[in-house]
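Numbers 285 to 531, taken from this note's numbering, label the letters of the sequence shown in order. The beta carbon of each residue, even a glycine, is placed where N, CA and C say it ideally should be. The block underneath contains the structure these notes are about, expressed in structure tokens.
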Amino acid sequence: MALLSDLRDCLVDGPKNGYRFTKKDWYSFLNRREYPWKLNEPAYKQPIEKATWYKEGNIIDYVKFAVMRESLQNFKNEVHVRLQFVTSKDEHLSGLYTDWYDSWLRGEDDEVIKELWHLAGNLITLVSDWKKRRSKNGGGTERYDDDIEQAYLEYQQITPSNTSHPVVASWMDRPVSNGFTTWDLLKASALYTKIVDQKMSHFIFSLAGREFLFMKALSVDPNTQFVTSDIMSRLKVKRPRTTGSKP
């Protein structure tokens with residue numbers, strides 16, 4: 285205890301008391317207490333899928349590897365079973381962009397086509413910059429969230445260039461329900477259409493996940509509306525009963 289108290293004085297109060305505590309002193313302290321110079325990386329720092337060991341007595345290790353890992357694996361297995369026969373492309377997500385593009389390509393309004401080309405080009409540039417940034421940062425998990433945040437900000441900044449055009453201007457009109465604009469959904473649809481690499485699915489969902497969910501909801505019911513979480517809780521929505529379930 286006395287050694288720890290002295291160490292605290294050297295580290296915290298050293299400057300004002302005129303103490304000097306160098307790295308040599310630090311290693312000397314470790315040697316006196318027979319502490320290792322470098323601590324092993326804790327198990328919970330390992331990727332959850334790749335960890336080969338953990339301490340059962342460590343609560344963080346236990347929660348991550350004994351509880352979360354099993355739940356995640358069960359979830360992945362269920363997703364695989366449910367989606368194994370689903371096609372890779374979802375027309376409910378790609379349809380808005382492809383339908384607009386095909387429709388206006390057959391028309392005579394070059395400005396709308398230019399906007400759609402411009403949108404696609406901006407998204408391709410965004411993805412290219414993302415890949416370069418990931419490569420520069422080593423491609424690890426440490427800066428992944430920061431890189432996603434940067435890409436999301438760049439994605440939000442992609443807007444039409446010719447808002448004086450009546451059709452393009454209508455894309456930016458905000459619905460009365462304060463939902464997504466046509467541009468929000470068109471941009472998300474273009475992102476889904478242009479990024480064909482299945483390994484990028486997490487990336488595109490991080491940028492436009494809400495828009496994708498809304499478009500899927502519209503495919504089920506065109507009258508889909510936004511509600512706040514408070515209203516949702518008051519609605520007391522019940523899950524649909526399955527055959528043979530108890531009332």
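Same chain, Cβ closer than 8 angstroms to residue i, neighbours up to 5 away in sequence not counted
i	result
residue 517	none
residue 454	466
Span of the alpha helix (DSSP H), counted from its first residue to its last, around residue i
i	result
residue 414	394-420
residue 478	466-478
residue 428	428-440
residue 313	307-316
residue 332	Where residue 332 is concerned, there is no enclosing alpha helix (DSSP H), given that its DSSP letter is neither H nor E.
residue 365	353-367
Reduced DSSP secondary structure (H/G/I, E/B, other) of residue i
i	result
residue 531	In this prediction, residue 531 has a pLDDT of 48, which is less than 50 and means its spatial position is unreliable; what the coordinates show is noted afterwards. Note: residue 531 maps to coil in three-state DSSP.
residue 508	coil
residue 456	coil
residue 446	coil
residue 339	coil
residue 382	helix
residue 321	coil
residue 424	coil
residue 373	coil
Separation of residue j from residue i, as counted between CA atoms
i	j	result
residue 332	residue 512	34 angstroms
residue 387	residue 484	28 angstroms
residue 500	residue 377	7 angstroms
residue 352	residue 477	33 angstroms
residue 531	residue 488	At residue 531, the pLDDT of 48 sits below 50, so the modelled position is not reliable and the matter cannot be decided from this model.
residue 355	residue 343	17 angstroms
residue 404	residue 310	57 angstroms
residue 289	residue 324	25 angstroms
residue 463	residue 362	32 angstroms
residue 438	residue 414	10 angstroms
residue 426	residue 390	47 angstroms
residue 440	residue 357	33 angstroms
residue 291	residue 422	37 angstroms
residue 297	residue 321	23 angstroms
residue 432	residue 486	10 angstroms
residue 418	residue 514	39 angstroms
residue 490	residue 341	35 angstroms
Spatial neighbours of residue i in its chain, beta-carbon cut-off 6 angstroms, leaving aside the 5 residues before and after
i	result
residue 406	442
residue 338	327, 345 and 349
Nonlocal neighbours in the same chain, by C-beta distance under 7 angstroms from residue i, ignoring five residues either side
i	result
residue 408	478
residue 299	none
Review point. Any contact of the stretch 382-398 with the stretch 437-450, i.e. 3+ C-beta pairs under 8 angstroms?
Key: Because the criterion of three Cβ pairs below 8 angstroms is met, the stretch 382-398 and the stretch 437-450 touch.
Point to revise | the stretch 486-501 contacting the stretch 461-475, beta-carbon criterion three pairs below 8 angstroms | key: The stretch 486-501, when compared against the stretch 461-475, does touch it at the 8 angstroms Cβ threshold.
Review point. Taking three-plus beta-carbon pairs below 8 angstroms as touching, is the stretch 316-323 in contact with the stretch 299-306?
Key: Result no; under three Cβ-Cβ pairs closer than 8 angstroms.
Check your understanding: Does the stretch 344-362 come close enough to the stretch 321-331 to have 3 or more Cβ pairs within less than 8 angstroms?
Key -> Contact check between the stretch 344-362 and the stretch 321-331: three or more CB pairs, one atom from each, fall below 8 angstroms, which counts as touching.
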